[in-house]
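Undergrad:
Residue numbers (the UniProt record's numbering), protein chains in the order written: chain Y, 1 to 288; chain F, 1 to 334.
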């Protein structure tokens, strides 16, 4: 078995989410793989465009749903290439890799999902898994975005703003740039949408910190502020989970690009992560 | 372990028998440096070499290594080549291979590495340290395993240690050239090892090193040396345990590409760069420090990631000395 070999998958749907992000729905050509492919929320796959290269992308669909989906932002050479691909095109997928969020451990607790920008993609997997399984007390989603136009999965988010309480899901949104659509949205959901950063959404919220887990994903700068907010509220560092990004080339702990830490603890983000607790961050330098 | 003796007069015959095992690669002199190259006769070998530029890792993880051949939608794994003999590997390099084994053979095993490792027949050789070697202080100056046979120099031949089943098979099949070890041989062996132990000029104080380095994250010494460092990445390429690689697809014909991997270095600014332009190790200081942390990571089972071969010192154009940097960091802390 060659762990670097990817399996053929067909792009069955391409959906434009924003001007930069597209959602790719995939189906493996091999029926056996298609049926057996399972993953945990928070895990990632390596997308292989034969003849051009590979890149890691987190899975943004829930394991409870099909097809598997990847939300890809156009930022570099490879993602530019995949953005030009259409329905029916074939790409390679290998994985899933990483540890994922400990969903079983968190059963029966509140989940506080805190997403910033593209960080919504891996947390969407957790969100729908938690809603579908119904095993969690209450789900909070705090989502910080640039503007209305940059909201990922806009339909789903608006749907949850409207009907989230029925699904036991409390969604709040913060935007940075004021556009007419944002103001319109804010007018519609005055309690749930505001101008500001993601930590502003904590205002007026009360959680049972003894029975809550926080799950964070966003740009590197966001972690510091969000973690400080959570610690101030009394959440234990062991209950703060975050998913991190590094240049993962191989996904199996060989190529060395994602090594962080010092002489006493070295971690491979691809193998030991990408999900870490705040305890890990305190004992491993360079993690966040 | 089994010990046998190889008399000097049988040495050419021994070499010829090794050629039957597979292609033989050994240390060959090029001006003032040495390289592992294919050798056909013992005259080409330089058995008293100090260290080669590239360590034997180049036979297991190649500087440029084809993984897959891609033709339209067909992907085929590139097959490795046949059996080979690595002749004259020093014990520090054997320890280097053992550290690579830990990474590359752990779950999931790297198939390319695994195949080459199975195809290799490793013949170790004893050596005399020069001014760069500090393997003794790291405990890598003597190899107890990781080789097939190991040759120790004696006045009239070689004391051979047999370290694996493959080595046993070789000695078994070629019994006519090997002899039993005598008391005198053992005395000579002991004498050589004592002489060797005294010859080390450099040593690394590894007492609590991993913890000290961790505490000294903000030490000024890192900054001082990071300014001196040229960021060329020589030290990582020649290191027997550095193993970072980059993957890229290369087109060889209009409809045929090769997925290649090649050595990468954590001294390159692109090493920590992710899509969107965010770099997790943006400055040379970050990258310089990272290498020292990676090399001196202490694994309770396997020890340090450094084997003390001295390559990074010898081939550093800025003359930065590994041991000196670590000693200064230690001093700076107290």
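Glycine is no exception: its CB is placed at the ideal position from the N, C-alpha and C atoms.
Quick check: the Cα distance between residue 128 of chain Y and residue 314 of chain F, rounded to an integer number of angstroms?
TA: Approximately 57 angstroms between the Cα atoms of the pair.
Undergrad: My assumption, with CB atoms under 8 angstroms, is that residue 152 of chain Y sits in contact with residue 121 of chain Y. Please give the rounded CB distance.
TA: Going by Cβ atoms, the distance from residue 152 of chain Y to residue 121 of chain Y rounds to 7 angstroms, so yes, they are a contact pair.
Undergrad: Have a look at residue 204 of chain Y and residue 218 of chain Y and give me their C-alpha separation to the nearest angstrom.
TA: Going by the C-alpha atoms only, they are around 22 angstroms apart.
Undergrad: Give every residue of the same chain whose Cβ lies closer than 7 angstroms to the Cβ of residue 12 of chain F, excluding the five residues on either side of it in the sequence, and list them in chain order.
TA: Contacts found: 42.
Undergrad: Checking 7 angstroms against the spacing of the C-beta atoms, do residue 81 of chain F and residue 122 of chain F come in under that value?
TA: No, the pair does not count as a contact, with Cβ atoms beyond the cut-off.
Undergrad: Which of helix, strand or coil does DSSP assign to residue 157 of chain F?
TA: Strand at residue 157 of chain F.
Undergrad: May I have the straight-line CA-CA distance separating residue 158 of chain Y from residue 182 of chain Y, to the nearest angstrom?
TA: Each residue's alpha carbon lies about 12 angstroms from the other.
Undergrad: Does DSSP put residue 302 of chain F in a helix, a strand or coil?
TA: Residue 302 of chain F: coil per DSSP, three-state reduction.
Undergrad: Could you give the C-beta distance for residue 201 of chain F and residue 131 of chain F, rounded to a whole number, given that I count them as a contact under 8 angstroms?
TA: The Cβ separation is near 5 angstroms, so the contact holds.
Undergrad: Is the separation between the beta-carbon of residue 287 of chain Y and that of residue 252 of chain Y shorter than 7 angstroms?
TA: No, they are not a contact pair.
Undergrad: Give a yes or no on whether the minimum CB-CB distance between residue 111 of chain F and chain Y is below 7 angstroms.
TA: Yes, because at least one Cβ of chain Y sits closer than 7 angstroms to the Cβ of residue 111 of chain F.
Undergrad: Quick check on DSSP: helix, strand or coil for residue 221 of chain Y?
TA: Here residue 221 of chain Y sits in helix by DSSP.
Undergrad: Find the residues of chain Y that neighbour residue 70 of chain F, judging by a C-beta separation of less than 7 angstroms, and give them in chain order.
TA: Residues of chain Y passing the Cβ test: 50, 51.
Undergrad: DSSP state of residue 170 of chain F, grouped into three classes?
TA: Helix.
Undergrad: Enumerate in chain order the residues of its own chain whose CB-to-CB distance from residue 45 of chain F is below 6 angstroms, with the five nearest sequence positions on each side excluded.
TA: Only 26, 39 meet the Cβ criterion.
Undergrad: How would you label residue 255 of chain F, buried or exposed, when you count the other beta carbons within 10 angstroms and need 16 or more for buried?
TA: Answer is exposed; the Cβ neighbour count stays below 16.
Undergrad: From the DSSP secondary-structure annotation, give me the bridge partner or partners of residue 71 of chain F.
TA: Bridge partners of residue 71 of chain F: F:74, F:256.
Undergrad: Residue 290 of chain Y bridges to which residues according to DSSP?
TA: Any answer about residue 290 of chain Y is impossible in this case: the structure gives chain Y only from 1 up to 288.
Undergrad: First and last residue of the beta strand (DSSP E) that includes residue 291 of chain Y?
TA: Look at the range of chain Y in this structure, 1 to 288, and you will see that residue 291 of chain Y is not part of it.
Undergrad: Can you find a C-beta in chain Y that's less than 7 angstroms from the C-beta of residue 184 of chain F?
TA: So no, residue 184 of chain F is outside the interface.
Undergrad: How would you label residue 185 of chain F, buried or exposed, when you count the other beta carbons within 10 angstroms and need 16 or more for buried?
TA: Residue 185 of chain F is buried by the Cβ-count criterion.
Undergrad: Strictly by DSSP, which residues pair up with residue 336 of chain F?
TA: Not covered by the structure: residue 336 of chain F. The range shown for chain F is 1 to 334.
Undergrad: So, with DSSP's three-state summary, where would you put residue 9 of chain F?
TA: Residue 9 of chain F: helix per DSSP, three-state reduction.
Undergrad: Cα-Cα, which of Y:111, Y:24, Y:277 is closest to residue 139 of chain Y?
TA: Closest by alpha carbon: Y:111.
Undergrad: Roughly how many angstroms lie between the CA atoms of residue 310 of chain F and residue 233 of chain F, to the nearest whole one?
TA: For residue 310 of chain F and residue 233 of chain F, the distance between alpha carbons rounds to 15 angstroms.
Undergrad: So residue 254 of chain Y contacts chain F; which residues on that side make the cut at Cβ distance below 8 angstroms?
TA: The answer, in chain order, is 103, 104, 110, 243, 245.
Undergrad: Within the 7 angstroms Cβ cut-off, does residue 63 of chain Y reach chain F?
TA: No, no contact with chain F.
Undergrad: Between the Cα of residue 128 of chain F and those of F:120, F:152, F:119, F:106, spot the shortest distance and give me the residue it belongs to.
TA: Of F:120, F:152, F:119, F:106, the residue nearest in Cα terms is F:152.
Undergrad: Go to residue 155 of chain Y, then tell me how far its alpha helix (DSSP H) extends in each direction, as first and last residue.
TA: 154-163 is the extent of the alpha helix (DSSP H) around residue 155 of chain Y.
Undergrad: Contact criterion: CB-CB distance below 7 angstroms. Does residue 216 of chain Y meet it with respect to chain F?
TA: Not closer than 7 angstroms to any Cβ of chain F, the Cβ of residue 216 of chain Y fails to qualify, so no.
Undergrad: Please report the straight-line C-alpha distance between residue 104 of chain Y and residue 298 of chain F, rounded to a whole angstrom.
TA: Cα to Cα, residue 104 of chain Y sits roughly 33 angstroms from residue 298 of chain F.
Undergrad: I want to verify the contact list: residues of chain Y whose CB lies under 7 angstroms from the CB of residue 401 of chain F, in sequence order.
TA: Residue 401 of chain F cannot be examined here, being either before or after the span of chain F that is shown, 1 to 334.
Undergrad: Leaving out the 5 sequence neighbours to the left and right, which residues in its chain are closer than 8 angstroms to residue 79 of chain Y when beta-carbon positions are compared?
TA: Hits under 8 angstroms: 55, 72, 73.
Undergrad: For residue 155 of chain F, collect the residues of the same chain with a Cβ closer than 7 angstroms to its Cβ; drop the 5 residues on either side in sequence, then sort them by chain order.
TA: Excluding residues within five positions, the ones whose Cβ falls inside 7 angstroms are 188.
Undergrad: Along the chain, where does the alpha helix (DSSP H) that runs through residue 31 of chain Y open and close?
TA: Where residue 31 of chain Y is concerned, the enclosing alpha helix (DSSP H) stretches over 31-36.
Undergrad: Let me make sure I understand the geometry here. Which of F:29, F:159, F:60, F:221 has the alpha-carbon closest to that of residue 85 of chain F?
TA: That would be F:60, whose Cα lies nearest to the Cα of residue 85 of chain F.
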